[in-house]
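**Student:** Below is the structure I would like to discuss, written out as structure tokens.
In the UniProt record's numbering, the protein residues as written are 1 to 452.
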């Protein structure tokens with residue numbers, strides 16, 4: 001028996017009650033730019049009616065990837081289910097709250113450059129085929145000390161290792177504070193632990209529908225950074241902040257549910273891997289399209305320092321029912337929990353765009369019934385170059401430039417993002433690559449200045 005969703009009127013009434021009870025004075029109307037950076041327009045609680053009716057206007061011309069200056073007026077349409085009081089603002093007689101918003105044009109239509117609207121289009125595409133998309137992301141982060149000016153240093157605040165407790169894991173108290181803040185904002189936390197590298201951490205939250213998970217991932221990154229700063233630390237989701245150590249990943253677990261049958265479309269108890277044809281086609285779609293969407297899931301110059309052998313991050317295009325060196329693996333849970341995990345994304349990615357392209361690629365595999373290749377169950381990292389070549393295992397792009405070239409010539413990017421966001425994204429990332437390419441880096445000076 002399904003639970004009936006609350007009505008708009010009941011949600012607004014609950015929000016009013018919370019505002020009164022918690023003495024909320026300010027409302028932050030939040031949205032993200034093309035890179036996934038969180039932005040907000042702050043209004044007073046007295047403007048709630050204006051806010052919930054989508055009347056909060058802002059200038060989109062200064063937002064990365066949005067609109068030209070002669071078409072700059074945009075409006076914020078809040079998702080009422082994302083209302084949350086911000087725990088760190090609460091004091092006697094005062095607090096602040098937020099909404100996550102979609103962006104609208106003046107005529108009320110969806111603004112095509114809004115990442116949240118882009119993901120909603122992919123969700124609708126799945127729904128038109130009879131599926132809902134469930135997503136569970138796992139975002140890793142590092143904690144670094146800050147200097148006397150509050151700027152981040154390269155010193156980690158602990159010497160802990162994988163799953164180590166205090167006293168070696170000095171970040172445990174920070175994770176606890178993050179956990180409490182997330183819980184107060186409505187998150188269901190499933191696990192919290194120290195990761196492999198020194199100063200590296202992970203807090204996992206419960207899976208949700210695709211849009212809800214993207215909202216949660218965006219909120220999570222904001223909360224982690226905000227709470228860390230209260231401890232005098234800097235939290236970073238940079239993919240590879242430390243050379244010679246594991247980088248930050250954002251493993252994405254995804255499954256399709258049959259809306260009519262109310263069951264997991266990836267599960268088939270009669271298959272040797274307990275996977276359905278839909279699951280195999282979805283996997284094939286990921287493998288077939290990954291080179292063309294990795295510029296979205298791994299969007300930085302630094303992302304490709306993580307995608308190298310030896311640090312658990314997958315760089316070879318293969319799948320397995322268990323092998324963690326493969327790009328795509330199938331976690332052991334079966335039945336309603338059957339899911340596909342893609343392991344290359346990193347947490348610098350815009351969650352809305354990342355989940356959109358991953359789902360879009362998988363749906364391509366399902367719609368076109370792409371045949372799934374044989375699984376690779378051996379450790380790819382221990383294979384020789386000759387064996388990898390013999391097995392015809394391909395590499396992911398090795399630089400942002402290569403990734404953008406594939407993204408531009410492939411079909412999945414424009415199909416998923418639409419013309420506006422697609423072209424803006426390519427321009428943004430080409431500029432980033434050119435800036436990196438033409439800069440002189442410390443390694444070059446150290447290696448060449450005295451030698452030549």
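C-beta atoms are modelled at their ideal positions from N, C-alpha and C, and glycine is treated no differently.
1) Any idea if residue 247 is buried or exposed, counting beta-carbon neighbours within 10 angstroms, 16 or more meaning buried?
2) May I have the straight-line CA-CA distance separating residue 278 from residue 266, to the nearest angstrom?
3) Looking only at C-alpha atoms, which of 235, 199 and 138 sits nearest to residue 152?
4) Taking DSSP as the reference, what is the three-state secondary structure of residue 439?
5) DSSP state of residue 115, grouped into three classes?
6) Comparing alpha-carbon positions, which option in 328, 87, 130 and 64 lies nearest residue 185?
7) For the putative contact between residue 407 and residue 292, defined by C-beta atoms under 8 Å, what is the C-beta separation to the nearest angstrom?
8) Please classify residue 6 as buried or exposed, where buried requires at least 16 other C-beta atoms within 10 Å of its C-beta.
9) Does the Cβ-Cβ distance between residue 360 and residue 303 come in under 8 Å?
10) Rounded to whole angstroms, what's the CA-CA distance from residue 436 to residue 444? Just pull it up for me.
11) Buried or exposed: where does residue 51 fall if 16 or more other Cβ atoms within 10 Å of its Cβ makes it buried?
12) State the Cα-Cα distance for the pair residue 58 and residue 108, rounded to the nearest angstrom.
13) CB residue 327 to CB residue 301, shorter than 8 Å?
14) Give every residue of the same chain whose Cβ lies closer than 7 Å to the Cβ of residue 226, excluding the five residues on either side of it in the sequence, and list them in chain order.
15) Could you check what DSSP says for residue 342 in three-state terms: helix, strand or coil?
16) Could you tell me whether the Cβ atoms of residue 194 and residue 220 are closer together than 8 Å?
17) Pull the bridge partners of residue 219 from the DSSP assignment, please.
18) In this structure, what does DSSP give as the bridge partners for residue 267?
19) Are residue 330 and residue 342 close, meaning C-beta to C-beta below 8 Å?
20) Spell out a yes or no on whether the region 126-140 and the region 426-440 are touching, meaning 3 or more CB-CB pairs, one atom from each, closer than 8 Å.
21) Is the region 377-386 touching the region 137-152, taking contact as three or more C-beta pairs under 8 Å?
22) Considering only residues of the same chain and omitting the five flanking positions on each side of residue 178, which have a CB-CB separation below 7 Å?
23) Taking its Cβ as the centre, do 16 or more other Cβ atoms sit within 10 Å of residue 137, making it buried, or is it exposed?
24) Since residue 421 contacts residue 112 with CB under 8 Å, what's their CB separation in whole angstroms?
25) Please return the same chain residues whose Cβ sits closer than 8 Å to the Cβ of residue 336, not counting the five positions on each side in sequence.
**Tutor:** In brief:
1) Position 247 of the chain shown, counted from the first residue, corresponds to residue 247. When all chains shown are included, residue 247 counts as buried.
2) Your numbering for residue 278 matches position 278 in the chain shown. Your numbering for residue 266 matches position 266 in the chain shown. Cα-Cα distance, rounded: 6 Å.
3) As a working note, residue 152 is residue 152 in the chain shown. For the residues 235, 199 and 138, the minimum Cα distance to residue 152 belongs to 235.
4) If you number the chain shown from 1, residue 439 lands on position 439. Three-state result, residue 439: coil.
5) Here residue 115 corresponds to residue number 115 of the chain shown, with the count starting at 1. Three-state DSSP puts residue 115 in a helix.
6) Residue numbering aside, residue 185 sits at position 185 when the chain shown is read from its first letter. Closest by alpha carbon: 87.
7) Taking the first residue of the chain shown as position 1, residue 407 is located at position 407. Taking the first residue of the chain shown as position 1, residue 292 is located at position 292. Right, their Cβ atoms sit about 6 Å apart.
8) Position 6 of the chain shown, counted from the first residue, corresponds to residue 6. By the neighbour-count rule (16 or more Cβ atoms within 10 Å), residue 6 is not buried but exposed.
9) Translated into the one-based positions of the chain shown, residue 360 becomes position 360. Translated into the one-based positions of the chain shown, residue 303 becomes position 303. No; because the gap between Cβ atoms is not below 8 Å, this pair is not in contact.
10) Position 436 of the chain shown, counting from 1, holds the residue named residue 436. Position 444 of the chain shown, counting from 1, holds the residue named residue 444. Looking at the two C-alpha atoms, the distance is approximately 13 Å.
11) Against the chain shown, residue 51 aligns to sequence position 51. Buried is the call here.
12) By 1-based counting over the chain shown, the position of residue 58 is 58. By 1-based counting over the chain shown, the position of residue 108 is 108. C-alpha separation (whole angstroms): 14 Å.
13) Reading the chain shown from its first residue, position 327 is the one you call residue 327. Reading the chain shown from its first residue, position 301 is the one you call residue 301. No, Cβ-Cβ distance for residue 327 and residue 301 is not below 8 Å.
14) On the chain shown, residue 226 is found 226 positions in, with the first residue counted as 1. If we look at residue 226 and ignore the five residues flanking it on each side, its Cβ neighbours are 88.
15) Position 342 of the chain shown, counted from the first residue, corresponds to residue 342. Strand.
16) If you number the chain shown from 1, residue 194 lands on position 194. If you number the chain shown from 1, residue 220 lands on position 220. Not closer than 8 Å, so no.
17) For this step, residue 219 is matched to residue 219 along the chain shown. DSSP, once it has assigned bridges, lists no residue as partnering residue 219.
18) Looking up residue 267 in the chain shown gives position 267. 275, per the DSSP bridge assignment.
19) Sequence index remark: in the chain shown, residue 330 carries index 330 (1-based). Sequence index remark: in the chain shown, residue 342 carries index 342 (1-based). The answer is no: Cβ separation not under 8 Å.
20) no
21) Three or more Cβ pairs closer than 8 Å define a contact, and the region 377-386 falls short of that threshold against the region 137-152.
22) Indexing the chain shown from 1 puts residue 178 at position 178. Result list for residue 178: 203, 223, 224 and 227, in chain order.
23) Looking up residue 137 in the chain shown gives position 137. Label assigned to residue 137: buried.
24) Taking the chain shown and counting its residues from 1, the one referred to as residue 421 is at position 421. Taking the chain shown and counting its residues from 1, the one referred to as residue 112 is at position 112. Contact flag correct, Cβ pair sits at about 7 Å.
25) For this step, residue 336 is matched to residue 336 along the chain shown. Contacts found: 263, 264 and 267.
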